[in-house]
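Per our numbering, residue 1 is the first one in the sequence shown, and the count goes up by one each step. What follows is a single structure, written as structure tokens, with notes after it.
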Amino acid sequence: MSDVQQLTDISILRERARHNIENGAVTEGYNADREEILRLLNASLATEWVCVLRYKRHYYMAKGVKAQVAAKEFLEHSEQEAEHADKLAERIVQLGGAPELNPDLLSKNSHAQYVAGNTLKEMVREDLIAERIAIDSYREIIQYIGEKDPTTRRIFEEILAQEEEHADDMADILDGL
């Protein structure tokens, strides 16, 4: 007896593709809880936008002798967080959802909090905390998704890798302050 999973006959795949065509990328073979995936994607989208805004503020507010290095990182991270938000929003639409971008709801839905920080050290510290929250929450989302939605899982894996780089950058800067 073989442990190899039997592939669906191509004629069945062809026939299934013709049904519910209005669902776009969501085929009958999609076996994740789509509503839960959309909820997780929208919460993560909110998290990314809150991070964009916090990093942008920190970029503009960074002052002091050591501020140039931090400000450069703040701006770069802000741009990368916006790219993450775009990927998440695109996936939400692919799955038949709508990206929730209502400013009144972003901070409520975000995993990370928006804490401005007054000094350079406070700003870096708050960014590091937010990155650590994103890392843990995205890791849990990846584990939850498992094999049920490989495309969404891969998006989160790519974002997670960059969030880990961001945390490392902020930890290095914090260590130097």
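Positions of the beta carbon are idealized from the N, C-alpha and C atoms, including for glycine.
Item	Value
Tell me which same chain residues have a C-beta within less than 8 Å of the C-beta of E140, skipping the five on either side of it?	none
Output the boundary residues of the alpha helix (DSSP H) element that contains D104.	103 to 109
Need the endpoints of the alpha helix (DSSP H) that G176 sits in, please.	150 to 176
Apart from the five residues on each side of it in sequence, which residues of its chain come closer than 8 Å, Cβ to Cβ, to I155?	K87, L88, R91
Note down, in chain order, each residue of its chain lying with its Cβ closer than 8 Å to the Cβ of Q80, except the 5 sequence neighbours on either side.	Q162, H166
Does DSSP put A112 in a helix, in a strand, or in coil?	coil
Do the CB positions of A98 and V52 come within less than 7 Å of each other?	no
Verify whether the separation of the beta carbon atoms of D127 and M61 is less than 7 Å.	no
Reducing DSSP to helix, strand and coil, say where L88 ends up.	helix
What are the start and end residues of each continuous alpha helix (DSSP H) run of 4 or more residues lying completely inside the region 17 to 69, in chain order?	34 to 61
Does A98 come out as helix, strand or coil in the three-state DSSP assignment?	coil
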